[in-house]
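**Student:**
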Amino acid sequence: MDKTFIIFKPDCMAKNLVGQVLTRFENAGFSLAAAKMIQLTPEKLREHYAHVADKPFFPEIEKFMGSRPVVVAILKGENAVTKVRDLLGPTDSTKAPAGTIRGDFGETMMVNILHASDSDENAQIEIDRFFDPSEVLG
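Sequential numbering from 45 applies to the sequence shown in our numbering.
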């Protein structure tokens, strides 16, 4: 079974959509390997978004992602990275079709319900960044 990493973003938390979104993943054949609620620190955000930390829009990301506790989780299932991203739809919620998670619940490019790993390699890096191996099932 493959694994991928997701973050239920602050907008998802504010709208109380964690259960609905998780149900969509479970209905698509995924199961939880780990989950916990955390407050993202500026240090953790800078590490996680290192690829854009020097961009002029990074402070906006930092403000939004640090605005309230989030749920970080690991989903497991076949072809997890690709299938989870397919269920989410495009990063820009305004371009996401109805029936996708972002199309149904997202608002903008940043306010888009969920972060999901974009490759198997990044999934493992992100899992290791947020979880101790003892916290992960199977």
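In this text, a Cβ means the ideal position worked out from N, Cα and C, and glycines have one as well.
(1) Check for me: the alpha helix (DSSP H) holding Asp164 runs from which residue to which?
(2) Tell me the DSSP secondary structure of Phe52 in three-state form.
(3) Would His159 and Ile82 qualify as a contact pair, given that the criterion is a beta-carbon distance under 8 Å?
(4) Find out if the Cβ-Cβ distance for the pair Lys59, Met109 is shorter than 8 Å.
(5) Mind listing, in chain order, the continuous alpha helix (DSSP H) runs of no fewer than 4 residues lying wholly within the region 55-131?
(6) Run through the DSSP bridge pairs and tell me what Ala183 is partnered with.
(7) Within 10 Å of its beta-carbon, does Arg112 have 16 or more other beta-carbons around it, so buried, or fewer, so exposed?
(8) Taking 8 Å as the CB-CB limit, is Gln64 close to chain D?
(9) Using 10 angstroms around the beta-carbon of Phe101, count the other beta-carbons present and answer buried if the total reaches 16, otherwise exposed.
**Tutor:** Let me lay it out:
(1) 164-174
(2) strand
(3) no
(4) no
(5) 62-71, 86-92, 102-109
(6) This structure cannot speak to residue 183, because the chain is shown only from 45 to 182.
(7) exposed
(8) The chain inventory of the structure shown lacks chain D, comprising one protein chain alone.
(9) exposed
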